[in-house]
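Working notes, structure below.
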Amino acid sequence: MAPPVEYYLFLSAAVFCIGLFGILTRRNALMFLMSVELMLNAANINFIAFSFHHGNLTGQVFSLFTMALAAAEVAVGIGIILVLYRNFQDMDVTKPATMRW
Amino acid sequence: MFEYAPAIALLPFVSFLVALSVGNYMPKKGAFAGIVAMGGSLLLSVWAFLRVSGGEVYNAPDLYTWVAAEEITLQFGILIDPLSAMMLIIVSLVSLLVHVFSLGYMNDEGETGLPRYYAELGLFSFSMLAFVYASNLLMAFMFFELVGLCSYLLIGFWFRTESAASAAKKAFLVTRFGDYFFLIGVVGIIATFGTAQFAGEGSFPVLAEHALVGGEGSIDTFLGLGEQAWVTVLGLLVLGGVIGKSAQFPLHTWLPDAMEGPTTVSALIHAATMVAAGVYLVARMFGFYALSPTALGIIAFVGGFTALFAATMGVVKDDIKRVLAYSTISQYGYMMLGLGAGGFVAGSFHLMNHAFFKALLFLGSGSVIILMHHEQDMWKMGGLKDKAPVTYYTFLAGSLALAGIIPFSGFWSKDEILFEALHYGLGNQPLLLGAYAMGLIAVFFTGFYTFRMVFLTFHGEPRSDDARDPHPVGWSVKIPLVVLGLLATFIGFVNMVPVAELLNADIEFLHQWLDGPEETITSVHHYEELLHNENAAHYVASDIGPYLPGALSLALALAGAGLAHKLYNVPDPEPHTEKLGSIRTLLKHNYYQDEYQVWLAEGVTQPIARAANKFDQTVVDGAVNGISSVSLGSGQRVKRIQTGIVTNYAALLTLGLVALLVVVGLYGGWFV
Chain A
-18 MAPPVEYYLF
-8 LSAAVFCIGL
2 FGILTRRNAL
12 MFLMSVELML
22 NAANINFIAF
32 SFHHGNLTGQ
42 VFSLFTMALA
52 AAEVAVGIGI
62 ILVLYRNFQD
72 MDVTKPATMR
82 W
Chain B
443 MFEYAPAIAL
453 LPFVSFLVAL
463 SVGNYMPKKG
473 AFAGIVAMGG
483 SLLLSVWAFL
493 RVSGGEVYNA
503 PDLYTWVAAE
513 EITLQFGILI
523 DPLSAMMLII
533 VSLVSLLVHV
543 FSLGYMNDEG
553 ETGLPRYYAE
563 LGLFSFSMLA
573 FVYASNLLMA
583 FMFFELVGLC
593 SYLLIGFWFR
603 TESAASAAKK
613 AFLVTRFGDY
623 FFLIGVVGII
633 ATFGTAQFAG
643 EGSFPVLAEH
653 ALVGGEGSID
663 TFLGLGEQAW
673 VTVLGLLVLG
683 GVIGKSAQFP
693 LHTWLPDAME
703 GPTTVSALIH
713 AATMVAAGVY
723 LVARMFGFYA
733 LSPTALGIIA
743 FVGGFTALFA
753 ATMGVVKDDI
763 KRVLAYSTIS
773 QYGYMMLGLG
783 AGGFVAGSFH
793 LMNHAFFKAL
803 LFLGSGSVII
813 LMHHEQDMWK
823 MGGLKDKAPV
833 TYYTFLAGSL
843 ALAGIIPFSG
853 FWSKDEILFE
863 ALHYGLGNQP
873 LLLGAYAMGL
883 IAVFFTGFYT
893 FRMVFLTFHG
903 EPRSDDARDP
913 HPVGWSVKIP
923 LVVLGLLATF
933 IGFVNMVPVA
943 ELLNADIEFL
953 HQWLDGPEET
963 ITSVHHYEEL
973 LHNENAAHYV
983 ASDIGPYLPG
993 ALSLALALAG
1003 AGLAHKLYNV
1013 PDPEPHTEKL
1023 GSIRTLLKHN
1033 YYQDEYQVWL
1043 AEGVTQPIAR
1053 AANKFDQTVV
1063 DGAVNGISSV
1073 SLGSGQRVKR
1083 IQTGIVTNYA
1093 ALLTLGLVAL
1103 LVVVGLYGGW
1113 FV
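Here the protein sequences come in this chain order: A and B.
The first sequence maps to residues -18 to 82 in this note's numbering.
The second sequence maps to residues 443 to 1114 in this note's numbering.
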């Protein structure tokens, strides 16, 4: 007997909120990236939970795509962080504020 | 077959291109290109003339379709009927003679810029010839404007002198003012009739005639006017262009100043091309004007007034070319009077005669100017009679024609014009009587100023060193003078109305010629029917004979010439006109026409323009600038949102999403 779908949704909402909190409060770029990962995986949990609930594989396939996307995003993100560190000797995201008007 | 007809106009265009591009490397700086082209045009014109007299009328309105819309097609075409065939010969002949004369007047006098001069002459001849055989009003308008442009270029040929540059500008602007009305008229005619063709079934004079006279079909009028009134308005709008180009009162002021151009150019402009274009246009669409008694009356009255007005100013001028300039204005007034009085033949006849004798007089004055080492003041001349017999006798022939002395050409046409005016004036058009009276008085002045000019220039004792020792003139000057002298003397014999009546003979050749081989809508016969139709002009003829009016005008011309003879044909003439006192001052200043027009420009137009400029600068620009500064200012404030800190962006993103969710939720009813 599988647990009801609401449990998964609560889990997913909790993970998403942790990720959001991390993005809004952390200054370290690596933490930032991790928080983004958390939010993406919260979405993945949703996908799989509903896929399981409806007995339909589409959601699972989508979550595979999301993982590939997340991997690509991390690759780009780490690249940016490396350049950031090289230029500012720091990983604080509030430091580079010059690329505005 | 008229396949070569386009070449009549295109040959001078080729000479324009040739003279412009390689004129500098040619012998005589491009003159020969022009002479060959004009000779070719003349031959083709004569050939077209022969074909027309063989009974063919060439009407090809759709040689080139320019715009093909649903209801309106704009086309270039060629119309060669008796009137345009006659005019083609006049234009190409005078232009050819002017080219030949230029060899003596421009080349031999060592002028610079000759390729430009010959190129402009070529362009001028091209535009005028194309105007003459244009088959529709829009094409005519375009070449009318091109003629105006060429006159600007040629009057300003010596553009380094300030007076020539300003005269050129004046000629352009004043004629443009009239052309503005012409343009509105063209648009009005196309909007009303859906066509601008001059001749053939479905042309605008025919459509108007059907609606007004035949009662078939109707025309769309605008401004709530009746059909006849609308036709009158359209006719008068087109007449605006005519008044500007043909130098009729009040737009005549540019013409005397146009004397700043080379004398050869004056001969071309005033005899056969630009100024003739206006009168020719009235003759071209005479079938349209004949529908409106008001328009005809205005044409006649403006013409009669201008004839008298300009003749009085010619009396006091001291510059030989200025006298001729005022005589030109006056003579074109006669033509307008003739056309307005319903004398289509008379007006066209005078147009032809005037083209020859005025070209002769201008070229003659050009010859005098060469003789006098470029002196134009008649008081410094005198006694040239024996030293330059060819110039003298040809000039005399032209003067006799201009003054209207029997049997020279001007007499026959001027007499016919005055007779027509009196003829219908006594019938049922009392307005024409006023125009007739002015034309008749002008005959006296014409005789006077013409012979004042002749006597001062050629008779008496030489009054300066230049006159005692004149510069000789060559064959290129004499040949055109002789050709034109013969024409000015004899061309009048083609339409001797009084003699025809007297002998009861059928010798009104010009009348028959303009009547055409068969009756069409542009033949004289048709025009006369229209003229007498009570739904059209409704002119009623009186039964007056041609002898008495003819004798009267001849007597007046002789009286004028006689007075000039008495006052000026003495060894040492005195400036008698100075005794006129304040009248002379008035005439010398041309009735202050220039002054009042300058006042109109500076006192009325300029303040209006200034006010309009102010409105543009403050209200229109203010609105535009206001909008841009508001968006600029708000942009300056809103950009502060962009802090550059990623966290802030993420917060905004989140808040935006939340707000969106709340809004969607409220409207989607999630919280109910």
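Idealized CB from N, CA, C, for every residue including glycine.
The structure presented is a predicted model; accordingly, all values stated were derived computationally and were not measured.
Supposed close pair residue 855/B, residue 788/B - CB separation, criterion 8 Å: Yes, they are in contact, since the Cβ atoms of residue 855/B and residue 788/B sit about 6 Å apart, within 8 Å.
Environment of residue 726/B [buried if 16+ CB atoms lie within 10 Å]: Label assigned to residue 726/B: buried.
Cβ neighbour criterion (16 or more within 10 Å) applied to residue 1116/B: For chain B, the structure presents residues 443 to 1114; residue 1116/B sits outside this window and is missing.
Endpoints, alpha helix (DSSP H) assigned at residue 1022/B: Where residue 1022/B is concerned, there is no enclosing alpha helix (DSSP H), given that its DSSP letter is neither H nor E.
Under 8 Å (Cβ pairs) to chain A, residues found in the region 1084 to 1097 of chain B: The residues in question are 1084, 1085, 1086, 1087, 1088, 1089, 1092, 1093, 1096.
Short CB-CB distance (under 8 Å) between residue 61/A and chain B: Taking CB atoms only, residue 61/A has no neighbour in chain B less than 8 Å away.
Residues within the region 22 to 33 of chain A neighbouring chain B, beta-carbon criterion of under 8 Å: Residues passing the 8 Å Cβ filter: none.
Where residue 657/B falls, given that 16 or more other Cβ within 10 Å makes a residue buried: Residue 657/B should be labelled exposed.
Exposure label - residue 696/B; buried when at least 16 CB within 10 Å: With 16 or more other Cβ atoms within 10 Å, it is buried.
Beta-carbon gap between residue 530/B and residue 473/B smaller than 8 Å: Not in contact: residue 530/B and residue 473/B (Cβ atoms no closer than 8 Å).
Chain B contact for residue 81/A (CB, 8 Å cutoff): Chain B places a beta carbon closer than 8 Å to that of residue 81/A, counting this residue as a contact.
Continuous alpha helix (DSSP H) assignments of at least 4 residues falling wholly in the region 892 to 938 of chain B: With a minimum length of 4 residues, the continuous alpha helix (DSSP H) runs that stay inside the region 892 to 938 of chain B are 907 to 910, 917 to 932.
Sub-8 Å separation of residue 575/B and residue 631/B beta-carbons: Going by C-beta atoms, residue 575/B is not nearer than 8 Å to residue 631/B.
Contact test: residue 696/B Cβ vs the ligand HEM heavy atom, cutoff 7 Å: Looking for the ligand HEM in the displayed structure turns up nothing, as the structure carries no ligands at all.
Whole alpha helix (DSSP H) elements within the region 681 to 757 of chain B, 4-residue minimum: Annotation note: the region 681 to 757 of chain B contains the following uninterrupted alpha helix (DSSP H) runs of length 4 or greater, listed N- to C-terminal: 696 to 699, 705 to 709, 716 to 726, 728 to 731, 735 to 756.
Cβ distance (whole Å) where residue 791/B is taken to contact residue 952/B below 8 Å: Your pair residue 791/B and residue 952/B checks out as a contact, with CB atoms roughly 5 Å apart and the cut at 8 Å.
Chain B contact for residue -1/A (CB, 8 Å cutoff): False, the Cβ-Cβ gap to chain B never drops below 8 Å.
Closest residue to residue 11/A among -17/A, 68/A, 60/A (Cα-Cα distance): A check of alpha carbon separations from residue 11/A across -17/A, 68/A, 60/A identifies 60/A as the nearest.
Touching by the beta-carbon criterion (3+ pairs, under 8 Å), the region 736 to 745 of chain B and the region 672 to 681 of chain B: Taking 8 Å as the limit for Cβ pairs, the verdict is that the region 672 to 681 of chain B does touch the region 736 to 745 of chain B.
Residue range of the beta strand (DSSP E) that includes residue 500/B: Start and end: 500 to 510.
Integer Cβ distance of residue 814/B from residue 908/B, believed to fall under 8 Å: Right, the Cβ-Cβ distance comes to about 5 Å (below 8 Å), so this counts as a contact.
Test: residue 74/A CB closer than 8 Å to a CB of chain B: Proximity of residue 74/A to chain B, defined by a Cβ-Cβ separation below 8 Å, is satisfied.
Residues from the region 2 to 21 of chain A in contact with chain B, defined by Cβ distance under 9 Å: Per Cβ criterion, the list reads 4, 5, 6, 7, 8, 10, 13.
8 Å Cβ cutoff, residue 78/A in contact with chain B: At least one chain B Cβ lies under 8 Å of residue 78/A.
Where residue 1112/B falls, given that 16 or more other Cβ within 10 Å makes a residue buried: Exposure of residue 1112/B is indicated by the presence of fewer than 16 other C-beta atoms within 10 angstroms of its C-beta.
Sheet register partners of residue 962/B (DSSP bridge): Under DSSP, residue 962/B forms no beta bridge with any residue.
One or two residues paired with residue 950/B in a DSSP bridge: For residue 950/B, DSSP records a beta bridge to 937/B.
Residue 677/B burial status per 10 Å Cβ neighbour count (16 or more: buried): Buried: at least 16 other Cβ atoms inside 10 Å.
Residues that DSSP places opposite residue 517/B in a beta bridge: Beta-bridge pairing links residue 517/B to 507/B.
Check whether residue 477/B and residue 571/B have beta carbons under 8 Å apart: Not closer than 8 Å, so no.
Supposed close pair residue 774/B, residue 717/B - CB separation, criterion 8 Å: Your pair residue 774/B and residue 717/B checks out as a contact, with CB atoms roughly 6 Å apart and the cut at 8 Å.
Through-space distance from residue 987/B to residue 871/B, alpha-carbon basis: Straight across, the Cα-Cα distance linking residue 871/B with residue 987/B is about 18 Å.
Euclidean distance between Cα positions of residue 749/B and residue 1061/B: Their backbone Cα atoms lie some 49 Å apart in a straight line.
Supposed contact pair residue 495/B and residue 453/B - C-beta distance, whole angstroms, cut 8 Å: No, residue 453/B and residue 495/B are not in contact; Cβ-Cβ is about 22 Å, not under 8 Å.
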